[in-house]
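To keep things clear, I will list the structure first and then write my remarks on it.
Numbering (this note's numbering), first residue to last: 846 to 967.
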């Protein structure tokens, strides 16, 4: 796994921590609310590093999609939020969409390069 993918995974982990902190500190003092905001900023900074190599559509889909799935699991495990069958199916569809998007990146460019090579041969 490349460095930029590890950075993207770190951005996701920080986002999950920030969102969980928002939920946990919702009734806390205002100064405590600054921590989740700082974590969200860090998550965006890490995402920006990952975007140097990973295509934007893929990086954002992975960051947000795995964030959604992760926060649903955290909500279930730590905040007694329900995971119903429709919600589980929706989370599975999100993961499926991320996989399809990631697999499709670069294939259009390869196809266009092949067509260009074929035109040169004619």
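Cβ atoms here follow ideal geometry from the backbone N, Cα and C, with glycine treated the same way.
CA nearest to the CA of residue i, picked from the options
| i | options | result |
| --- | --- | --- |
| residue 896 | 948, 847, 936 | 847 |
| residue 840 | 907, 886, 918 | Since the first residue shown for the chain is 846 and the last is 967, residue 840 is missing from the structure and cannot be characterised. |
| residue 925 | 868, 849, 857 | 868 |
| residue 940 | 920, 923, 929, 903 | 903 |
| residue 942 | 905, 887, 886, 931 | 905 |
For residue i, the first and last residue of its enclosing alpha helix (DSSP H)
| i | result |
| --- | --- |
| residue 942 | 930-949 |
| residue 886 | 879-895 |
| residue 846 | That residue, residue 846, is in no alpha helix (DSSP H); it is neither H nor E in DSSP. |
| residue 927 | Counting along the chain, residue 927 falls outside any alpha helix (DSSP H), and DSSP gives it neither H nor E. |
CB contact flag (residue i, residue j, <8 Å)
| i | j | result |
| --- | --- | --- |
| residue 892 | residue 866 | no |
| residue 889 | residue 881 | no |
| residue 935 | residue 928 | no |
| residue 857 | residue 920 | no |
Query raised in the report: Between the region 900-913 and the region 847-867, do at least 3 Cβ pairs fall closer than 8 Å?
Result: yes
Query raised in the report: Three or more beta-carbon pairs under 8 Å between the region 850-858 and the region 885-903, yes or no?
Result: yes
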